[in-house]
Amino acid sequence: MPELPEVEVSRLGITPWLEGVVVQRVIIRHPRLRWPIPAEIHLLEGQPLHKIERRAKYLLLHSTLGAAILHLGMSGRLRILPAGTPAEKHDHVDIELANGKLLRFHDPRRFGALLWTSEDPFQHPLLKNMGPEPLTETFSGDYLWQRSRKSITAIKPWLMNNHVVVGVGNIYANEALFMAHIHPKRSANTLSHEECLLLVKAVKEVLARAIEQGGTTLRDFMRTDGKPGYFVQELQVYGRTGLPCSVCMHPLEELRLGQRSSVYCPVCQPMR
DNA sequence: ATAATAACCTGAGGGC
DNA sequence: TGCCCTCAGGTTATTA
Numbered sequence: 190m191p192e193l194p195e196v197e198v199s200r201l202g203i204t205p206w207l208e209g210v211v212v213q214r215v216i217i218r219h220p221r222l223r224w225p226i227p228a229e230i231h232l233l234e235g236q237p238l239h240k241i242e243r244r245a246k247y248l249l250l251h252s253t254l255g256a257a258i259l260h261l262g263m264s265g266r267l268r269i270l271p272a273g274t275p276a277e278k279h280d281h282v283d284i285e286l287a288n289g290k291l292l293r294f295h296d297p298r299r300f301g302a303l304l305w306t307s308e309d310p311f312q313h314p315l316l317k318n319m320g321p322e323p324l325t326e327t328f329s330g331d332y333l334w335q336r337s338r339k340s341i342t343a344i345k346p347w348l349m350n351n352h353v354v355v356g357v358g359n360i361y362a363n364e365a366l367f368m369a370h371i372h373p374k375r376s377a378n379t380l381s382h383e384e385c386l387l388l389v390k391a392v393k394e395v396l397a398r399a400i401e402q403g404g405t406t407l408r409d410f411m412r413t414d415g416k417p418g419y420f421v422q423e424l425q426v427y428g429r430t431g432l433p434c435s436v437c438m439h440p441l442e443e444l445r446l447g448q449r450s451s452v453y454c455p456v457c458q459p460m461r
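Start counting the first sequence at 190; every next residue gets the next number (my numbering).
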């Protein structure tokens, strides 16, 4: 479900309720997520959370003895609820807080993860070798140009590779390629320098705008206060196969790349 | 080393 | 109503 904007919206939603607040208890109802939840997660208990951070699509809850590493997978959702709110199906983890609230992790498909590290979480194997954050200056047209020179992979799955840049999932890859007028199947090394600049600009624009709008709610995702994200109203291609292109009115087409649906306008995004 | 694909899991929706 | 199939916002592990 969540790409970078949805994770960032979740971080913004939970931070005011967590920062500086002591964890009273961690309740694990279903310990088998993508990986088993380690018992060390209980080291959070009795300790204050002093910083809530995001790296790629991971949320890092920094505590005194280490950090919890949380990933929402495809269907994960976080909510802040009053203490004592009854758990429902797929409510796998509660982090009970000293302020009368609880942070609840809900994840039907259980592709999400909750891990623990007592080291610097940025050195964790899952985070160590990731590409730059898309909303920083490190992710530039020059960077994309240089990285793409030797890859013959189609630009869309290439852009979704976390070693290239983090946080760009299926929705926003489709949207950014449309904005940059680049066909999703173009081989990465065929992009011109100008196209790399356009694509980086498009990625930054679409992600920043989606964060402003509270993310994209299709099915599962909701903000931590239970409200949906409104960026779905601004989607130009994702989920719009067969509908007219917003620019030229030609029907949008769909193809599959790396088992993911890619929607594009054959007129505005020519192969060459 | 790089690149495609299979796998993890549940639920929704369509066709019959 | 029910069964079977496909698809879904992600990422790792396996295979070629």
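Positions of the beta carbon are idealized from the N, C-alpha and C atoms, including for glycine.
Handout entry: Range covered by the alpha helix (DSSP H) that runs through residue 205
Key = Residue mapping note: residue 205 aligns to position 16 of the first sequence, counting from 1. It spans 193-207 - the alpha helix (DSSP H) in which residue 205 sits, taken as one unbroken run.
Practice task
Label residue 327 either buried or exposed according to how many other C-beta atoms from any shown protein chain fall within 10 Å of its C-beta, with 16 as the threshold for buried.
Solution key: Locating residue 327 in the first sequence gives position 138, counting from the first residue. Residue 327 should be labelled exposed.
Practice task
Scan the segment 359-431 and note each continuous beta strand (DSSP E) run of 3 residues or more that stays entirely inside, going in chain order.
Solution key: Unbroken beta strand (DSSP E) runs of no fewer than 3 residues, entirely contained in the segment 359-431, are not found.
Exercise for the section: Name the residue from 210, 421 and 345 whose alpha carbon lies nearest to the alpha carbon of residue 388. Expected result: Start at 1 with the first residue of the first sequence, and residue 388 comes out as number 199. Nearest option by C-alpha distance: 345.
Handout entry: Extent of the continuous alpha helix (DSSP H) run through residue 341
Key = In the first sequence, the residue the question calls residue 341 occupies position 152. Residue 341 -> no alpha helix (DSSP H), and no H or E assigned at all.
Problem - Host alpha helix (DSSP H) of residue 314 (start-end) - result: What you label residue 314 is simply residue 125 of the first sequence in a count that begins at 1. Unbroken alpha helix (DSSP H) run through residue 314: 314-317.
Practice task
Determine, using beta carbons only, whether residue 204 and residue 258 come nearer to each other than 8 Å.
Solution key: Counted from its first residue, the first sequence places residue 204 at position 15. Counted from its first residue, the first sequence places residue 258 at position 69. No. Outside cutoff.
Problem - residue 216 vs residue 303 beta-carbon contact at 8 Å - result: Reading the first sequence from its first residue, position 27 is the one you call residue 216. Reading the first sequence from its first residue, position 114 is the one you call residue 303. Contact flag unset, no.
Exercise for the section: Answer with buried or exposed for residue 411, where buried requires no fewer than 16 other C-beta atoms within 10 angstroms of its C-beta. Expected result: By 1-based counting over the first sequence, the position of residue 411 is 222. Residue 411 is buried by the Cβ-count criterion.
Practice task
Give the secondary structure of residue 275 by DSSP, where H, G and I count as helix, E and B as strand, and everything else as coil.
Solution key: Along the first sequence, one-based indexing puts residue 275 at 86. If DSSP states are grouped into helix, strand and coil, residue 275 belongs with coil.
Exercise for the section: Throw me the rounded Cβ distance for the residue 372 and residue 459 pair, which I believe falls under 8 Å. Expected result: As a first step, residue 372 is located in the first sequence; it is residue number 183 there, counting from the start. As a first step, residue 459 is located in the first sequence; it is residue number 270 there, counting from the start. 6 Å between Cβ atoms; contact.
Problem - beta strand (DSSP E) segment containing residue 443, residue limits - result: As a working note, residue 443 is residue 254 in the first sequence. First-last of the beta strand (DSSP E) with residue 443: 442-446.
Problem - 8 Å contact criterion, which residue 235 and residue 261 should meet: CB distance rounded - result: What you label residue 235 is simply residue 46 of the first sequence in a count that begins at 1. What you label residue 261 is simply residue 72 of the first sequence in a count that begins at 1. Rounded, the Cβ-Cβ distance is 26 Å, inconsistent with contact.
Practice task
Please state whether DSSP places residue 286 in a helix, a strand or coil.
Solution key: Counting from one through the first sequence, the residue named residue 286 turns up at place 97. Residue state, collapsed to three classes: strand.
Handout entry: Local conformation of residue 300 per DSSP, three classes
Key = Here the question's residue 300 lines up with position 111 in the first sequence. In this structure, residue 300 counts as coil in the three-state DSSP scheme.
Practice task
Can you tell me which of the three DSSP states residue 311 falls into?
Solution key: Looking up residue 311 in the first sequence gives position 122. If DSSP states are grouped into helix, strand and coil, residue 311 belongs with the helices.
Handout entry: 6 Å CB neighbourhood of residue 265 in its chain, flanking five on each side removed
Key = If you number the first sequence from 1, residue 265 lands on position 76. Around residue 265: 296 and 301.
Handout entry: Distance, residue 232 Cα to residue 376 Cα
Key = Taking the first sequence and counting its residues from 1, the one referred to as residue 376 is at position 187. Taking the first sequence and counting its residues from 1, the one referred to as residue 232 is at position 43. Cα-Cα distance, rounded: 47 Å.
Handout entry: Contact under 8 Å by Cβ, residue 368 with residue 394
Key = On the first sequence, position 179 is the one that residue 368 refers to. On the first sequence, position 205 is the one that residue 394 refers to. Result yes, Cβ atoms of residue 368 and residue 394 sit closer than 8 Å.
Handout entry: Cβ-Cβ separation, residue 421 to residue 407 (assumed contact under 8 Å), whole Å
Key = Your numbering for residue 407 matches position 218 in the first sequence. Your numbering for residue 421 matches position 232 in the first sequence. Residue 407 to residue 421, Cβ: 6 Å. Contact.
Exercise for the section: To the nearest angstrom, report how far apart residue 247 and residue 221 are at their CA atoms. Expected result: The residue you call residue 247 lines up with position 58 of the first sequence. The residue you call residue 221 lines up with position 32 of the first sequence. Cα-Cα distance, rounded: 18 Å.
Exercise for the section: Classify residue 229 as helix, strand or coil using the three-state DSSP reduction. Expected result: For the purposes of this step, residue 229 is taken as the residue at position 40 of the first sequence. Three-state DSSP puts residue 229 in a helix.
Exercise for the section: Pair every Cβ in the segment 443-453 with every Cβ in the segment 327-336, then say whether three or more of these pairs are closer than 8 Å. Expected result: no
Handout entry: 7 Å CB neighbourhood of residue 200 in its chain, flanking five on each side removed
Key = Sequence index remark: in the first sequence, residue 200 carries index 11 (1-based). Closer than 7 Å at Cβ, skipping near neighbours: 241, 243 and 248.
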